[in-house]
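Using the numbering used here, read the sequence shown as starting at 1350 and increasing by one per residue. Note that beta-carbon positions come from the ideal geometry of N, C-alpha and C, so glycine has one too. All figures in this text were calculated on a predicted structure; none of them were measured in a lab. The structure appears right after this line, and notes come after that.
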Amino acid sequence: MSERNDFEMWPRVRRAVRYALQRKAGKVTVLDLRHLSSATDFFVIATGRSDVQVRAIAEHIIDSAKRDGNRPEHVEGLDQGRWVLLDYIDYVVHIFHPAVRDFYRLETLWGDAKSTVIEEDLSG
């Protein structure tokens, strides 16, 4: 695991990261927003190489999290596959097409957040 800043991720967040990696998501990044935002505690940001892969990553996270008893409160963008947002209230998963991720640059927008880039599967 490659890390810029070390912080403890909740098990549900770690599982969302693992599910994204199982579908070969790229540059999976977790931002710790607990001290910066009252809207959510973590962002999980991932990239799919195509619209089809973006949707596949999102659907796998949704289906796997449901088996864990965790359902998203809100899902956006699944039909288009350019930017899918999965809102689990205390964490939000963003799955981007590369051009869209480059355009919105959430890591830069939330530059004060502690962040971790995960390049391999997480256990637990």
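Alpha helix (DSSP H) containing residue i: first to last residue?
| i | result |
| --- | --- |
| Ile-1411 | 1400-1416 |
| Leu-1385 | Run containing Leu-1385: none; DSSP gives neither H nor E here. |
| Phe-1452 | 1447-1453 |
Nearest-angstrom Cα distance between residue i and residue j?
| i | j | result |
| --- | --- | --- |
| Glu-1456 | His-1446 | 15 angstroms |
| Tyr-1419 | Tyr-1437 | Reading off the sequence, residue 1419 comes out as Asn, not Tyr. One C-alpha to the other measures close to 8 angstroms. |
| Arg-1367 | Gly-1375 | 12 angstroms |
| Asp-1428 | Phe-1356 | 33 angstroms |
| Asp-1451 | Leu-1458 | 12 angstroms |
| Val-1403 | His-1409 | 10 angstroms |
| Arg-1363 | Gly-1397 | 18 angstroms |
| Glu-1422 | Arg-1416 | 15 angstroms |
| Leu-1382 | Lys-1373 | 25 angstroms |
| Arg-1361 | Arg-1454 | 24 angstroms |
| Trp-1359 | Glu-1425 | 23 angstroms |
| Arg-1387 | Leu-1435 | Residue identity check: residue 1387 is Ser in the sequence provided, not Arg. Those two C-alpha atoms are separated by around 17 angstroms. |
| Leu-1380 | Gln-1371 | 20 angstroms |
So, are the CB atoms of residue i and residue j less than 8 angstroms apart?
| i | j | result |
| --- | --- | --- |
| Val-1441 | Thr-1378 | no |
| Asp-1461 | Leu-1385 | yes |
Under 8 angstroms by Cβ, that's how I've got residue i and residue j pegged, so tell me the actual separation to the nearest angstrom.
| i | j | result |
| --- | --- | --- |
| Ala-1395 | Ile-1406 | 6 angstroms |
| His-1443 | Phe-1392 | 6 angstroms |
| Ala-1414 | Ala-1365 | 7 angstroms |
Using only alpha-carbon positions, find the residue among the options that is nearest to residue i.
| i | options | result |
| --- | --- | --- |
| Val-1449 | Leu-1435, Glu-1408, Asp-1461 and Arg-1431 | Arg-1431 |
| Asp-1400 | His-1423, Thr-1389, Val-1433 and Ala-1388 | Val-1433 |
Over the uninterrupted beta strand (DSSP E) stretch that includes residue i, give me the two end residues.
| i | result |
| --- | --- |
| Glu-1425 | 1423-1425 |
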